[in-house]
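Everything on this sheet refers to the single structure shown next.
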Amino acid sequence: MIAFTWQHFLDDPSKPEWLLRFPMVKASLRAMDTITAFVSQDLPELGCQLDHYVVAGASKRGWTTWLVGAVDQTRVKAIVPIVLDAINFVAVMHHQYRSYGGWSFALVDYIDSLEIPITSRFDDPNMITMQQYIDPYFYIDRLTMPKLIVNAGMDEFQQPDDTHYWWKDMPEPKHFLMVPNAEHTMISGVLEIIPAIGAFVVAQFSGQPVPIVTWTRDDDTGLIVATVENDASVHSVNAWYSYSCGRNSWDNVTRRDFRIANYDDPCECGIGYAPYCANLVVLWDVKQLQPTIVNGKRTYSVSPSDLEELKTGQWVTYMIDFKFDDPHGLGYDTMKELKKMTKKPSNKVKPNVYFGGIPEDLGGYFQFTTEVAVWPNKFPYTDCHGSTCGSKMV
Numbered sequence: 468m469i470a471f472t473w474q475h476f477l478d479d480p481s482k483p484e485w486l487l488r489f490p491m492v493k494a495s496l497r498a499m500d501t502i503t504a505f506v507s508q509d510l511p512e513l514g515c516q517l518d519h520y521v522v523a524g525a526s527k528r529g530w531t532t533w534l535v536g537a538v539d540q541t542r543v544k545a546i547v548p549i550v551l552d553a554i555n556f557v558a559v560m561h562h563q564y565r566s567y568g569g570w571s572f573a574l575v576d577y578i579d580s581l582e583i584p585i586t587s588r589f590d591d592p593n594m595i596t597m598q599q600y601i602d603p604y605f606y607i608d609r610l611t612m613p614k615l616i617v618n619a620g621m622d623e624f625q626q627p628d629d630t631h632y633w634w635k636d637m638p639e640p641k642h643f644l645m646v647p648n649a650e651h652t653m654i655s656g657v658l659e660i661i662p663a664i665g666a667f668v669v670a671q672f673s674g675q676p677v678p679i680v681t682w683t684r685d686d687d688t689g690l691i692v693a694t695v696e697n698d699a700s701v702h703s704v705n706a707w708y709s710y711s712c713g714r715n716s717w718d719n720v721t722r723r724d725f726r727i728a729n730y731d732d733p734c735e736c737g738i739g740y741a742p743y744c745a746n747l748v749v750l751w752d753v754k755q756l757q758p759t760i761v762n763g764k765r766t767y768s769v770s771p772s773d774l775e776e777l778k779t780g781q782w783v784t785y786m787i788d789f790k791f792d793d794p795h796g797l798g799y800d801t802m803k804e805l806k807k808m809t810k811k812p813s814n815k816v817k818p819n820v821y822f823g824g825i826p827e828d829l830g831g832y833f834q835f836t837t838e839v840a841v842w843p844n845k846f847p848y849t850d851c852h853g854s855t856c857g858s859k860m861v
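All residue numbers for the sequence shown refer to our numbering, where the first residue is 468 and numbers rise by one.
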């Protein structure tokens, strides 16, 4: 349905009300109105007035989350968009083409269901107009509330470094959480994101200080340096990393591809189940980091030289993950037992495939990461333009 409304706007930009994001945002605003009225009128015994909300949502609802924050800065105390970092989305889509030489199969509704694939219209002048209506990047000046942006490291819709096209422009306060060994549905990431988001949300309403991490990324060397900017108690710091795998059959070029699934046939990277290839090579592994003190602050770093040597035509993506002690965090015996059950040592899944385990935050820690870096800092394909972007899916 979203693809259809995009097509309608691109064909006739005089009717922006066709864009489905608008009613999605309005529905969210009316939901807040309704809940506030219900609590006030039907639950007076609670003695509370709902004046503020933290808004969260995943995927399409993640896009809506960004826009609800932009529209209602009074009531929205914080936002948590999940698996939707494709803002400044035309630039992000061109980034995908340079990485894959085509388009992720996850975009099938924007390709096969339309007379003219959206992927061949990213450079249409009407696309820029549409961005100005619905792309959160064009509302950055309004997104001044606290933000926790949550992404999946093996997302089939997006790439782990999409943030490079907007993060630096996003106003503070902002925190980032990249979840390793999770794809777009976040099924394998819920043990991490639910407690981590919970800790973040509680802090917004309790006034509790939130740990602050800043970082730099050197695109010439691949070095990430992260600094803890306040006196937050660090529980653990790790580097997570993943190696790309994927090859296009029509030109034998290896892709800069970290998705857990693709259309490769033959499936060189894992296990095939037509039409998909389960890409086991991209499973993330983990290594512990130790701090150094720079100007009195705790700093942590990781670079390509700290990781395994790359094969020809391969890329590595990596980040630094922080867990901070939270006085309001979970500490129940049940959670401790669950943690024992889910904790897995790093081991080989198959030759040359390493697995750092299911991500979890069962202690209820504050958990944040840096952005990822991808090394080497180059792409297998040159960019496309207009109709040359085509509709080939991988």
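Just so it is clear, CB atoms sit at the ideal spot from N, CA and C, and this is done for glycine as well.
Please read these numbers as outputs of a predicted model, since none were measured by experiment.
(1) Should residue 865 and residue 713 be called a contact, given that it needs their Cβ atoms to be closer than 8 angstroms?
(2) According to DSSP, is residue 743 part of a helix, a strand, or is it coil?
(3) Please give the ranges of any beta strand (DSSP E) in the stretch 631-674, keeping only runs that are unbroken, at least 3 residues long and fully inside the region.
(4) Sorted by chain position, which residues of the same chain lie with C-beta nearer than 8 angstroms to residue 801's C-beta, five sequence neighbours on each side aside?
(5) Run through DSSP, which three-state label would residue 540 get?
(6) Can you give the Cα-Cα distance for residue 552 and residue 618, rounded to whole angstroms?
(7) Please name the residue, chosen from 780, 696, 478, 731, that lies closest to residue 589 on a Cα-to-Cα basis.
(8) Answer yes if the stretch 609-616 comes into contact with the stretch 638-656, meaning at least three C-beta pairs across the two stretches below 8 angstroms, and no otherwise.
(9) Mind checking whether residue 754 and residue 706 have CB atoms under 8 angstroms apart?
(10) Check residue 488 in the structure and name its three-state DSSP category.
(11) Going straight from the alpha carbon of residue 485 to that of residue 507, what length do you get?
(12) Which of the three DSSP states, helix, strand or coil, is assigned to residue 725?
(13) How long is the line joining the alpha carbons of residue 862 and residue 559, rounded to whole angstroms?
(14) Cutting at 8 angstroms between CB atoms, please list the residues of its own chain near residue 847, excluding the five before and the five after it.
(15) Go to residue 583, then tell me how far its alpha helix (DSSP H) extends in each direction, as first and last residue.
(16) Closer than 7 angstroms by C-beta to residue 769: which residues in its own chain qualify, once you throw out the five before and the five after it? Chain order, please.
(17) Is it true that the stretch 660-678 meets the stretch 847-860, where meeting means three or more beta-carbon pairs spaced less than 8 angstroms apart?
(18) What is the residue span of the beta strand (DSSP E) that residue 834 lies within?
(19) With which residues is residue 717 paired in a DSSP beta bridge?
(20) Is the beta carbon of residue 620 closer than 8 angstroms to that of residue 842?
(21) Would you call the CB atoms of residue 627 and residue 725 closer than 8 angstroms?
(22) Could you give the residue range of the beta strand (DSSP E) that holds residue 573?
(23) If you draw a straight line from the C-alpha of residue 622 to the C-alpha of residue 514, how long is it?
(24) Kindly indicate which three-state DSSP category residue 554 falls into: helix, strand or coil?
(25) So what's residue 613 in DSSP terms, helix, strand or just coil?
(26) What are the start and end residues of the alpha helix (DSSP H) that includes residue 596?
(27) Quick one: grab the DSSP three-state call for residue 772.
(28) Would you check if the distance between the CB atom of residue 655 and the CB atom of residue 663 is smaller than 8 angstroms?
(29) Classify residue 738: buried if its beta carbon has 16 or more other beta carbons within 10 angstroms, exposed otherwise.
(30) Pick from 861, 518, 494: whose alpha carbon is nearest that of residue 745?
(31) Return the bridge partner residues of residue 786 from the DSSP annotation.
(32) From which residue to which residue does the beta strand (DSSP E) around residue 607 run?
(33) Between which two residues does the alpha helix (DSSP H) holding residue 474 run?
(34) Quick check: what's the CA-CA separation for residue 728 versus residue 743?
(35) Straight-line CA distance for residue 571 to residue 525?
(36) How about residue 835 and residue 680: are their beta carbons less than 8 angstroms apart?
Quick answer:
(1) Here the chain covers residues 468 to 861 and nothing more, so residue 865 does not appear.
(2) Indexing the sequence shown from 1 puts residue 743 at position 276. In this structure, residue 743 counts as strand in the three-state DSSP scheme.
(3) 641-646
(4) Within the sequence shown, the letter at position 334 stands for residue 801. Caution is warranted here: a pLDDT of 49 is assigned to residue 801, below 50, making its placement in the model unreliable, and the coordinate value is therefore given only provisionally. Once the five neighbours on either side are set aside, residue 801 has no close Cβ partner at all.
(5) One-based indexing of the sequence shown puts residue 540 at position 73. Reduced to three states, the DSSP call for residue 540 is coil.
(6) Here the question's residue 552 lines up with position 85 in the sequence shown. Here the question's residue 618 lines up with position 151 in the sequence shown. For residue 552 and residue 618, the distance between alpha carbons rounds to 7 angstroms.
(7) The count along the sequence shown starts at 1 and reaches residue 589 at position 122. Of the candidates 780, 696, 478, 731, the one whose C-alpha sits nearest the C-alpha of residue 589 is 478.
(8) yes
(9) Locating residue 754 in the sequence shown gives position 287, counting from the first residue. Locating residue 706 in the sequence shown gives position 239, counting from the first residue. Going by C-beta atoms, residue 754 is nearer than 8 angstroms to residue 706.
(10) For the purposes of this step, residue 488 is taken as residue 21 along the sequence shown, with counting starting at 1. Three-state result, residue 488: helix.
(11) The residue you call residue 485 lines up with position 18 of the sequence shown. The residue you call residue 507 lines up with position 40 of the sequence shown. Cα to Cα, residue 485 sits roughly 34 angstroms from residue 507.
(12) The sequence position of residue 725 within the sequence shown is 258, counting from 1. The answer is coil: DSSP assigns residue 725 none of H, G, I, E or B.
(13) Because the chain in this structure spans residues 468 to 861, residue 862 falls outside the shown range and cannot be described.
(14) Against the sequence shown, residue 847 aligns to sequence position 380. Closer than 8 angstroms at Cβ, skipping near neighbours: 565, 566, 568, 720, 721, 722, 723, 780.
(15) Here residue 583 refers to the residue found at position 116 of the sequence shown. Neither: residue 583 is in no alpha helix (DSSP H) and is coded neither H nor E.
(16) Sequence index remark: in the sequence shown, residue 769 carries index 302 (1-based). Cβ neighbours of residue 769 beyond the five flanking positions: 691, 706, 756, 785, 787.
(17) no
(18) The residue you call residue 834 lines up with position 367 of the sequence shown. Per DSSP, residue 834 belongs to the beta strand (DSSP E) from 833-836.
(19) The residue given as residue 717 occupies position 250 in the sequence shown. Its beta-bridge partners do not exist; DSSP assigns none.
(20) Within the sequence shown, residue 842 is the residue found at index 375, counting from 1. Within the sequence shown, residue 620 is the residue found at index 153, counting from 1. No. Outside cutoff.
(21) Here residue 627 refers to the residue found at position 160 when the sequence shown is read from its first residue. Here residue 725 refers to the residue found at position 258 when the sequence shown is read from its first residue. It is a contact, given that the beta carbons lie within the stated cut-off.
(22) By one-based count along the sequence shown, residue 573 stands at place 106. Careful: residue 573 lies outside any beta strand (DSSP E) and carries neither H nor E.
(23) The count along the sequence shown starts at 1 and reaches residue 622 at position 155. The count along the sequence shown starts at 1 and reaches residue 514 at position 47. Their Cα atoms are separated by approximately 43 angstroms.
(24) Residue mapping note: residue 554 aligns to position 87 of the sequence shown, counting from 1. In the structure shown, residue 554 sits in coil (DSSP, three-state: anything other than H, G, I, E or B).
(25) Position 146 of the sequence shown, counted from the start, is the residue given in the question as residue 613. Coil.
(26) Working through the sequence shown from its first residue, we reach residue 596 at position 129. Its alpha helix (DSSP H) spans residues 592-601.
(27) Walking along the sequence shown from the start, residue 772 turns up at place 305. Reduced to three states, the DSSP call for residue 772 is helix.
(28) Taking the sequence shown and counting its residues from 1, one reaches residue 655 at position 188. Taking the sequence shown and counting its residues from 1, one reaches residue 663 at position 196. No, these two residues do not count as a Cβ contact at 8 angstroms.
(29) For the purposes of this step, residue 738 is identified with residue 271 of the sequence shown, where counting begins at 1. Burial call: exposed.
(30) Your numbering for residue 745 matches position 278 in the sequence shown. The residue with the shortest Cα to Cα distance from residue 745 is 861.
(31) As a first step, residue 786 must be located in the sequence shown, where it is residue number 319. In the DSSP output, where bridge partners are listed per residue, residue 786 has 707.
(32) Numbered from its first residue, the sequence shown carries residue 607 at position 140. Segment: none, residue 607 is in no beta strand (DSSP E) and carries neither H nor E.
(33) Taking the sequence shown and counting its residues from 1, the one referred to as residue 474 is at position 7. Per DSSP, residue 474 belongs to the alpha helix (DSSP H) from 469-478.
(34) Numbered from 1 along the sequence shown, position 261 holds the residue referred to as residue 728. Numbered from 1 along the sequence shown, position 276 holds the residue referred to as residue 743. Their backbone Cα atoms lie some 6 angstroms apart in a straight line.
(35) Start at 1 with the first residue of the sequence shown, and residue 571 comes out as number 104. Start at 1 with the first residue of the sequence shown, and residue 525 comes out as number 58. One C-alpha to the other measures close to 19 angstroms.
(36) Locating residue 835 in the sequence shown gives position 368, counting from the first residue. Locating residue 680 in the sequence shown gives position 213, counting from the first residue. Yes; because the gap between Cβ atoms is below 8 angstroms, this pair is in contact.
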